[in-house]
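The listed protein sequences correspond, in order, to chains V and Y.
Letter by letter, the first sequence follows residues 0 to 267 in numbering that gives the first Met the number 0.
Letter by letter, the second sequence follows residues 0 to 307 in numbering that gives the first Met the number 0.
Note that the Cβ used here is the ideal one computed from N, Cα and C, for glycine as well.
Single-structure report; data block below.
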Amino acid sequence: MRTAIFMFVGSLFASLPAAAQLADPTVTINEKFSERIDIGISTNEIAITSDFSGADITVFGAIDRADELLLATFAYDIVVALEGPRQSTTVRRKERVAGIWMNRHSIRFEPIPASYSLSSTRPLADIANLMELAAHDIGINNVRLVPTGVVGDGSRLTEFREALRRIKQSDGLYQRAPTGVQFISKSLFRASVRLPANIPVGPHKVRAVLYKNSQFVMEKVIPLRVVKTGLEQFIYNFAHANSLAYGLVAVLLAMLTGWLGSLIFRKN
Amino acid sequence: MTIYLPIAELSVNIFVILGMGAAVGFLSGMFGIGGGFLITPLLIFYNIPPAVAVATGANQVVASSVSGALAHFRRGTLDMKLGLVLLVGGLAGATVGIQIFSMLRRLGQLDLIISLLYVVFLGSVGGLMLWESVISLRRAANNKSVSMRKPGQHNWVHRLPFKMRFKRSKLYLSVIPVILLGFGIGILTSVMGVGGGFIMVPAMIYLLRIPTNVVIGTSLFQIIFVTAFTTVVQATTNFSVDIVLAWLLMIAGVIGAQYGVRVGQKMRGEQLRAGLAILVLGVGIRLGFELVLPPDEVYSVVSGSFGF
Numbered sequence: 000m001r002t003a004i005f006m007f008v009g010s011l012f013a014s015l016p017a018a019a020q021l022a023d024p025t026v027t028i029n030e031k032f033s034e035r036i037d038i039g040i041s042t043n044e045i046a047i048t049s050d051f052s053g054a055d056i057t058v059f060g061a062i063d064r065a066d067e068l069l070l071a072t073f074a075y076d077i078v079v080a081l082e083g084p085r086q087s088t089t090v091r092r093k094e095r096v097a098g099i100w101m102n103r104h105s106i107r108f109e110p111i112p113a114s115y116s117l118s119s120t121r122p123l124a125d126i127a128n129l130m131e132l133a134a135h136d137i138g139i140n141n142v143r144l145v146p147t148g149v150v151g152d153g154s155r156l157t158e159f160r161e162a163l164r165r166i167k168q169s170d171g172l173y174q175r176a177p178t179g180v181q182f183i184s185k186s187l188f189r190a191s192v193r194l195p196a197n198i199p200v201g202p203h204k205v206r207a208v209l210y211k212n213s214q215f216v217m218e219k220v221i222p223l224r225v226v227k228t229g230l231e232q233f234i235y236n237f238a239h240a241n242s243l244a245y246g247l248v249a250v251l252l253a254m255l256t257g258w259l260g261s262l263i264f265r266k267n
Numbered sequence: 000m001t002i003y004l005p006i007a008e009l010s011v012n013i014f015v016i017l018g019m020g021a022a023v024g025f026l027s028g029m030f031g032i033g034g035g036f037l038i039t040p041l042l043i044f045y046n047i048p049p050a051v052a053v054a055t056g057a058n059q060v061v062a063s064s065v066s067g068a069l070a071h072f073r074r075g076t077l078d079m080k081l082g083l084v085l086l087v088g089g090l091a092g093a094t095v096g097i098q099i100f101s102m103l104r105r106l107g108q109l110d111l112i113i114s115l116l117y118v119v120f121l122g123s124v125g126g127l128m129l130w131e132s133v134i135s136l137r138r139a140a141n142n143k144s145v146s147m148r149k150p151g152q153h154n155w156v157h158r159l160p161f162k163m164r165f166k167r168s169k170l171y172l173s174v175i176p177v178i179l180l181g182f183g184i185g186i187l188t189s190v191m192g193v194g195g196g197f198i199m200v201p202a203m204i205y206l207l208r209i210p211t212n213v214v215i216g217t218s219l220f221q222i223i224f225v226t227a228f229t230t231v232v233q234a235t236t237n238f239s240v241d242i243v244l245a246w247l248l249m250i251a252g253v254i255g256a257q258y259g260v261r262v263g264q265k266m267r268g269e270q271l272r273a274g275l276a277i278l279v280l281g282v283g284i285r286l287g288f289e290l291v292l293p294p295d296e297v298y299s300v301v302s303g304s305f306g307f
């Protein structure tokens, strides 16, 4: 499934009054610079259908009031991140007890993005320094992992954080495409971000961040909803809202299937 | 071709699921078992969250045991009265089991306990069955008569009070061990997502000395209701029954079972029991290795509703 395409017209942004920009919570601006970035996607809703096997989202955007010379020398960098809904997350560690591997230690983290798909013009390390990236929560290694509750042995925290990032990446939920953002003209760019097949449903957000000579210029956020549709949505709602009826239907379906099976094959 | 499971909330390959269902259906038809002890580990192995695998496994067993119990009912090899007494204990056990299940899930030890139970039960039952069937196979080879039941020989079970007459089984038996057996199986059903036939059948034959011909039908009869009850309770307390997954497994399972039955009919009783014993033991050993061998990843992440 490929989702595209909405073209953003760069000049539209310039005509907006400045006050409106400041009041907009989806925009963060470094006032030192005059450049602006805006993005658009064809849809604000991704439907998970029964044959859903992941999706590529194409985000289009433009840099406005860009310096021609700097554009030509590739001084601008763009990072596009797709962040999933926040879920509180627990990491557990197995240890050997009496010869058997079992969960012994756990650390609970404050809600973190369930998924995180990153796309950028260059590898993040080339775009800005670590402090700068961390300040704006950019990059898999800068997703904030704040422990909650009783942490106990704090010396293990780093290991647990690394494990969480590692597992999220091996599950395909956290991923990056270091050259996924490409300029299609001088100031227009296109970014592909990948939605994995196991994408969590709920409110996601697309964040686009503009850097100029390794300095933060502006961030723009637009929402994206991932929803179940049709039968999947109906089954999910039914199972949660009328769980007793759902359970009974599941049992009746099983009995019916078993009965029909024995009926059809009875002669043999 | 992928299909999205609305409750497990992930996409799976539909042919893998159908293949699993058919293979387990084939074996369950061949050996006269529900197949829950095979399907639940297979689903967990295929990355279905354990909570969903257990609850959906119970749902799938409803279908296969209805199929089997109907066949036994037609042949008159089902003791309804005995089945109902077993069921009394079974429903009580399932109720307790669900509480244990939810508690273990909160503690983060559910997968460990499920694996341990599998290893202990599959290992011991499989080992005993293999031992028994090797002895009968050797006897059969020496042309001696093979008898599962030794009439007239009583054990401590037959000295208990509250006796009841079970006509179809030609038995006069205390209800206490029957209810206790049902209770134990009920707990296993809700914690492990199995029907428990692989434990109940040998226990009925060896412990309660119920005639072999009514044992499978009767155990299937009570399994229908205990797994049905477990399905409903799992659906209401843990929201973990995936009807799409269950239905795919059932369809493939019911078809696979028909072919399994045909193959099973061509085999001798001792051969079947030896085959089942090897299967049960094999699954037990496989799961045992997983517990003992160092895992590739010692960390695990829990987020969302079904993580562990």
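- In this structure, valine 51 of chain Y and serine 189 of chain Y do not form a Cβ contact; the two beta carbons are roughly 14 angstroms apart against a cut-off of 8 angstroms.
- For methionine 163 of chain Y, no Cβ of chain V is located within less than 8 angstroms of the residue's own Cβ.
- In the DSSP annotation of this structure, the continuous segment of the beta strand (DSSP E) that includes serine 87 of chain V starts and ends at 85-96.
- For valine 78 of chain V, same chain residues with a beta-carbon under 6 angstroms away, outside a window of 5 residues either side, are Ser119, Ile137, Val208 in chain order.
- The beta carbon of alanine 21 of chain Y lies closer than 8 angstroms to those of Ala251, Gly252, Ile254, Gly255 in the same chain, with the five residues before and after it left out.
- Distance from tyrosine 117 of chain Y to methionine 191 of chain Y at the Cβ level is roughly 7 angstroms; contact confirmed, criterion being Cβ atoms closer than 8 angstroms.
- In the displayed model, threonine 228 of chain V falls within coil according to three-state DSSP, outside both helix and strand.
- Below the 7 angstroms Cβ cutoff, chain Y contributes Phe238 as neighbours of histidine 239 of chain V, in chain order.
- In the DSSP annotation of this structure, the continuous segment of the beta strand (DSSP E) that includes lysine 211 of chain V starts and ends at 201-211.
- Against chain Y, the beta carbon of tyrosine 115 of chain V has no neighbour under 7 angstroms; the closest one sits roughly 13 angstroms away.
- For the segment 49-64 of chain V, the residues whose beta carbon sits under 9 angstroms from a beta carbon of chain Y are, in order, Ser49, Asp50, Phe51, Ser52, Gly53.
- In the three-state DSSP reduction, glutamate 44 of chain V falls in the strand class (E or B).
- Of the candidates Y:Gly194, Y:Ile186, Y:Thr211, the residue whose Cα lies closest to the Cα of proline 201 of chain Y is Y:Thr211.
- Glutamate 131 of chain V: member of the alpha helix (DSSP H) spanning 129-134, first to last residue.
- Scanning its chain for C-beta atoms nearer than 8 angstroms, with the 5 sequence neighbours on each side dropped, one finds around isoleucine 40 of chain V the residues Thr2, Phe5, Ile56, Thr57, Val58, Phe59, Val205, Ile221, Leu223, in chain order.
- Think of a sphere of 9 angstroms around the beta carbon of glutamine 264 of chain Y: no beta carbon from chain V falls inside it, the nearest being about 10 angstroms out.
- Methionine 29 of chain Y has a beta carbon lying at 8 angstroms or more from every beta carbon in chain V.
- In this structure the segment 104-115 of chain Y touches the segment 274-291 of chain Y; the number of beta carbon pairs closer than 8 angstroms is three or more.
- As the crow flies, the alpha-carbon of isoleucine 215 of chain Y is around 51 angstroms from that of arginine 160 of chain V.
- Put simply, the backbone Cα of leucine 248 of chain Y is about 7 angstroms away from that of isoleucine 16 of chain Y.
- Counting along the chain, the unbroken alpha helix (DSSP H) around lysine 80 of chain Y starts and ends at 79-106.
- The C-beta distance from proline 146 of chain V to leucine 132 of chain V rounds to 21 angstroms, too long to fall under 8 angstroms, and the pair is not in contact.
- Taking alanine 196 of chain V as the centre and dropping the five residues before and after it, the same chain places the C-beta of Phe51, Ser52, Gly53, Gly171 closer than 8 angstroms to its C-beta, in chain order.
- Counting only the Cα atoms, threonine 178 of chain V lies some 7 angstroms from proline 122 of chain V.
- The Cβ atoms of alanine 57 of chain Y and threonine 229 of chain Y sit closer than 8 angstroms to each other.
- Going by C-alpha positions, isoleucine 184 of chain Y is about 8 angstroms away from glycine 194 of chain Y.
- The C-beta separation of glycine 92 of chain Y from phenylalanine 182 of chain Y comes to about 4 angstroms, placing the pair in contact by the 8 angstroms criterion.
- Among the CB atoms of chain V, one or more fall inside 8 angstroms of the CB of glycine 107 of chain Y.
- Per DSSP, the continuous beta strand (DSSP E) segment holding alanine 80 of chain V begins and ends at 75-82.
- For tyrosine 298 of chain Y, the closest Cβ of chain V is nearer than 8 angstroms.
- Here glutamine 257 of chain Y is not bridged, per DSSP, to any residue.
- DSSP, read as helix, strand or coil, puts aspartate 66 of chain V in coil.
- CA-CA distance, tyrosine 298 of chain Y to leucine 207 of chain Y, rounds to 45 angstroms.
- At a cut-off of 8 angstroms between beta-carbon atoms, isoleucine 2 of chain Y makes contact with chain V.
- One finds Val250, Ala253, Met254 in chain V with Cβ atoms closer than 8 angstroms to the Cβ of alanine 227 of chain Y, taken in chain order.
- In summary, no residue of the segment 43-55 of chain Y has a CB separated from any CB of chain V by less than 7 angstroms.
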